[in-house]
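So in this note's numbering, the last spot in the sequence shown is 285, and the numbers never skip. Cβ atoms here follow ideal geometry from the backbone N, Cα and C, with glycine treated the same way. The structure presented is a predicted model; accordingly, all values stated were derived computationally and were not measured. Here's the structure, in structure tokens; my notes come after.
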Amino acid sequence: MDRATLRAAVVSALADVESLDAKLNGLLADIDGTDTAVDLGRQGLWTKAQVELLWSKVNHLPGVRALFEATAERPDEKITFTELLQRSGLPERQQSNEHAALSRISAQLFKEKRWPVENSQRGSDNTTGKAEMLYWMDSRVAAWWRDVSSEDSGRV
């Protein structure tokens, strides 16, 4: 098989995998009783069951708890890293380490590093010269997380 044919076959297979992933996530959403999976762009498709599974593995991390609480309290609003630090009370390094742990755990569960929280980097501050991360949670995901976290606290 020549290189161009092999490449075309691989591209086709990847498209098939993406299509299957979307269909299976939609089926999972139907099974869970949610309207549909929520597409978070770079963060992929999410269902309530996936949010629940991830939360069950990260809810012991205070920095992740602060991230989820802050973004769920103000859905679709951007929360700064500084606000997360104030909420969690953690040093900057520890908050960052917990975000890294969230990525690792998500990769183990879903085979890719993705969060049910979107993020981007804001431009550099004129005073400090430092860029700051921004985080926000889709309102539908926030509702799922509130359900999941309230069920979680009820089990304690």
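In this structure Ala260 is exposed. Its beta-carbon is surrounded by fewer than 16 other beta-carbon atoms within 10 angstroms. Taking a C-beta distance under 8 Å as the contact criterion, Asp267 and Asp205 qualify as a contact pair.
Burial check for His228: the Cβ neighbour count within 10 Å reaches 16 or more, so the residue is buried. Within 10 angstroms of the beta-carbon of Val187 lie 16 or more other beta-carbons, which makes it buried. Closest in C-alpha terms to Leu219, from the list Gly170, Ala271 and Leu190, comes Leu190. Uninterrupted beta strand (DSSP E) stretches at least 3 residues long and entirely within the stretch 227–255 occur at 247–253, given in chain order.
Arg132 has its alpha-carbon roughly 50 Å from the corresponding atom of Glu198.
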